[in-house]
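Just so we're aligned, residue 1 is where the sequence shown starts under UniProt numbering, counting upward by one. Note that CB positions come from ideal geometry on N, CA and C, so glycine has one too. Encoded as structure tokens, the structure appears first; notes follow it.
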Amino acid sequence: MNGVVHSHVEQSIRPYIDLIDSLRSIGIQKDLALPTIAVIGDQSSGKSSVLEALSGVACPLELRLKKVTGGVNWKAVLSYRDKKKEFNDSSLVENYIEEAQNELAGKGVGICDELIILEIMSPDVCDLTLIDLPGIARVPVKGQPEDIEQQIKSLIRKYIEKQETINLVVVPCNTDIATTEALQMAQAVDPKGMRSVGILTKPDLIDKGTETKILDIALNKVIPLHKGYIMVKCRGQQQINDNISLEKAAQTERDFFQEHNYFRCLLNEDKATIKSLAVKLTQHLVDHIKKTLPQLNEQIKKQLWEVRNELKECEDGPPQDPKGAKQFLTQTLTGFIDQIKSISSGELIVKDNLFVQLREKYEQWNNDLNETKISFYKLTEEKLRDSQSYRGRELLGFSNYRVFEDILQKQVATLKNPAVDLLNAIKDIIIKQFNDVVNQCFKNYPVLRAITLDKIQNIQSVQQEKAEQRISEQFDMENMIFTQDPIYLKSLNEITAEEFSKDQSPFVNKKCTYSDMLKAYYEIVVQQMSDQLPMMTTLFMLKQTTQLMSIDMLNLLDGANVKELLSEDSDDGRKRRDLHARLERMSIAQEKISKFM
1 MNGVVHSHVE
11 QSIRPYIDLI
21 DSLRSIGIQK
31 DLALPTIAVI
41 GDQSSGKSSV
51 LEALSGVACP
61 LELRLKKVTG
71 GVNWKAVLSY
81 RDKKKEFNDS
91 SLVENYIEEA
101 QNELAGKGVG
111 ICDELIILEI
121 MSPDVCDLTL
131 IDLPGIARVP
141 VKGQPEDIEQ
151 QIKSLIRKYI
161 EKQETINLVV
171 VPCNTDIATT
181 EALQMAQAVD
191 PKGMRSVGIL
201 TKPDLIDKGT
211 ETKILDIALN
221 KVIPLHKGYI
231 MVKCRGQQQI
241 NDNISLEKAA
251 QTERDFFQEH
261 NYFRCLLNED
271 KATIKSLAVK
281 LTQHLVDHIK
291 KTLPQLNEQI
301 KKQLWEVRNE
311 LKECEDGPPQ
321 DPKGAKQFLT
331 QTLTGFIDQI
341 KSISSGELIV
351 KDNLFVQLRE
361 KYEQWNNDLN
371 ETKISFYKLT
381 EEKLRDSQSY
391 RGRELLGFSN
401 YRVFEDILQK
411 QVATLKNPAV
421 DLLNAIKDII
431 IKQFNDVVNQ
441 CFKNYPVLRA
451 ITLDKIQNIQ
461 SVQQEKAEQR
471 ISEQFDMENM
481 IFTQDPIYLK
491 SLNEITAEEF
501 SKDQSPFVNK
511 KCTYSDMLKA
521 YYEIVVQQMS
531 DQLPMMTTLF
541 MLKQTTQLMS
551 IDMLNLLDGA
561 NVKELLSEDS
571 DDGRKRRDLH
581 ARLERMSIAQ
591 EKISKFM
């Protein structure tokens, strides 16, 4: 674009354009309207050609032109959503923009109000930022929705109705200007034409005899606009096909006006050529920014006051400063730890608390064990009736000790699966109780909640393996058939008390004694299992889990991403987060604008 747009404004205007660009970069347009130039036009009005002549590329959605020196020939940055591309080849722009548009709006058919930003830095462009809006289409092409015209007009109105927007209306000279949709839309939102600029394109295509009529329009005599009209002649399709450079096209444009019998006067009054357009647009934008800054400053002050008041009314949340957030996280984790410790120690006395539920399971376990006595005693009688077939060298009336051992071991083995079932049931109860505490303590913090729930599952899984190993060991010990004699004899005496007097030896009736001995020993087994299993499951699944969870949760503080852990997921949290984001944007904007006041 060498020679097309030269340095035409003092360096003092550049900071104003950079100010608005920086405000837009921090997202302040979400809160208030910024001064900008919006380019609108009917399809085939020459809008794209005008933007191409200004920038040297096919039109983007938001175009930021920055005149730079110091060895930079041409550089561009294309950004949208969270994506950014930097490149030094202008021929790549059109493809990159098309890719972005396809991603945002669907391939070649959709309309999207998300802006694509193209920043171009070159010594051959003017300092200018403008927004290109879709051409007004009346008939949908293949794949487009039937209401495409309404969608486009709605998007255009969103920009041009704002008082902070300068409307750049592109209309071709070879049509009836009064009937163009773009001008009608501009007039609807700016009836006095105070913030509209008319761009007349395609002056070489007008019918002979209409020159004076077109000239009257250009001289602002037909449909007056406060900022007037500028006529331009951009590259035609044939020139594009012939690869005519923009620099050469600019010279051709000037020659056209210089040699035109009617439009020569426009050149003399700086109302023609792309160069004049660039100069005037830049000056219009800077003047508009200067005029708008006091109003922007007052709007920001007002919104800052409103945001701070809304934040005071919000439920307290994590502090925004890193130190305060770390302290808040520490308090939050400590509160959770205190709760699970209270639960595991039985200090939390409420209806259906953890120990009420555990006690129910343990009582059921004890009842189930006692019920096995009936079947075991029946089995014992059957085995002993056939005990003589197991005799070895024993005298009549004695049975082989291995029979005694075998009966007990087989009975004990039947209790192992129910014991594991008890462990699983206890695990589910404890996990449910701990999860309830997690959801209560971290209800607004999804990341922290998810991490803690995972920790509970992982710790419980490890503890379950330990408990299952311990239960297996307990059953291995029970297979050893051992007890202290006084305990065994006490139990045996209690069982035989109805048949024998207290002074009579319990070994008189040998057949009855073997049955009684099995029953006596099984009483000890039941009592041990009734006590040992609850103690094991409580130790491994509750007490140790609580200790491990307490340590693990405090370890989160080491090198923690506090902001991520305390990211909120609730209506209050989202509102507070949005308010803090607004507060930050407004504070930065106020600081930036204050330098110009």
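Environment of residue i [buried if 16+ CB atoms lie within 10 Å]
i: T36; result: buried
i: E253; result: buried
i: I199; result: buried
i: L557; result: exposed
i: N444; result: buried
i: K502; result: Any reading at K502 must be qualified, since the residue scores a pLDDT of 45, below 50, and its modelled position is unreliable; the value itself is stated next. That one is exposed.
i: R81; result: exposed
i: M477; result: exposed
i: N167; result: buried
i: V356; result: exposed
i: D42; result: buried
i: F376; result: buried
i: A589; result: buried
i: D190; result: buried
i: S505; result: Because S505 sits at a pLDDT of 48, beneath the cut-off of 50, its placement in the model cannot be relied upon, and the following sentence gives the value as read from the coordinates. Exposed: under 16 other Cβ atoms inside 10 Å.
i: M597; result: exposed
i: K510; result: At K510, the pLDDT of 40 sits below 50, so the modelled position is not reliable; the number obtained from the coordinates is stated separately. K510 is exposed by the Cβ-count criterion.
i: K66; result: buried
i: F482; result: exposed
i: V322; result: As written in the sequence, residue 322 is Pro, which differs from the Val given in the question. That one is exposed.
i: P203; result: buried
Reduced DSSP secondary structure (H/G/I, E/B, other) of residue i
i: K443; result: coil
i: V437; result: helix
i: K221; result: coil
i: V68; result: coil
i: A560; result: coil
i: D476; result: helix
i: E114; result: coil
i: V170; result: strand
i: L78; result: strand
i: Q83; result: The sequence shown places Lys at residue 83, not Gln. Of the three classes helix, strand and coil, the one that applies to K83 here is strand, per DSSP.
i: M121; result: strand
i: T414; result: coil
i: M553; result: helix
i: L423; result: helix
i: M536; result: helix
i: S154; result: helix
i: T483; result: coil
i: L281; result: helix
i: F596; result: coil
i: L566; result: coil
i: D31; result: coil
i: E149; result: helix
i: I407; result: helix
i: P15; result: helix
i: G573; result: helix
i: E94; result: helix
i: Y159; result: helix
i: H288; result: helix
i: Q544; result: helix
i: K336; result: Sequence check: residue 336 is Phe here, not Lys. It is helical.
i: E347; result: coil
i: Y362; result: helix
i: C126; result: coil
i: Y262; result: coil
i: G236; result: coil
Which residues DSSP lists as bridging residue i, in chain order
i: T165; result: T36
i: A272; result: M231
i: I131; result: A38, E62
i: I136; result: D42
Any alpha helix (DSSP H) of 4 or more consecutive residues that is wholly inside the stretch 173-214: 181-189
Cβ contact (3+ pairs, closer than 8 angstroms) linking the stretch 301-319 and the stretch 578-586: yes
Cβ contact (3+ pairs, closer than 8 angstroms) linking the stretch 193-212 and the stretch 220-230: yes
Cβ pair count under 8 angstroms reaching 3, the stretch 418-425 against the stretch 356-376: yes
Inter-stretch contact (C-beta, 8 angstroms, three-pair minimum) for the stretch 152-170 and the stretch 255-273: no
Any 3 or more C-beta pairs closer than 8 angstroms across the stretch 529-540 and the stretch 422-431: yes
The stretch 335-345 in contact with the stretch 546-555 per 3-pair CB rule at 8 angstroms: yes
Three-pair Cβ contact test at 8 angstroms for the stretch 176-187 versus the stretch 24-34: no
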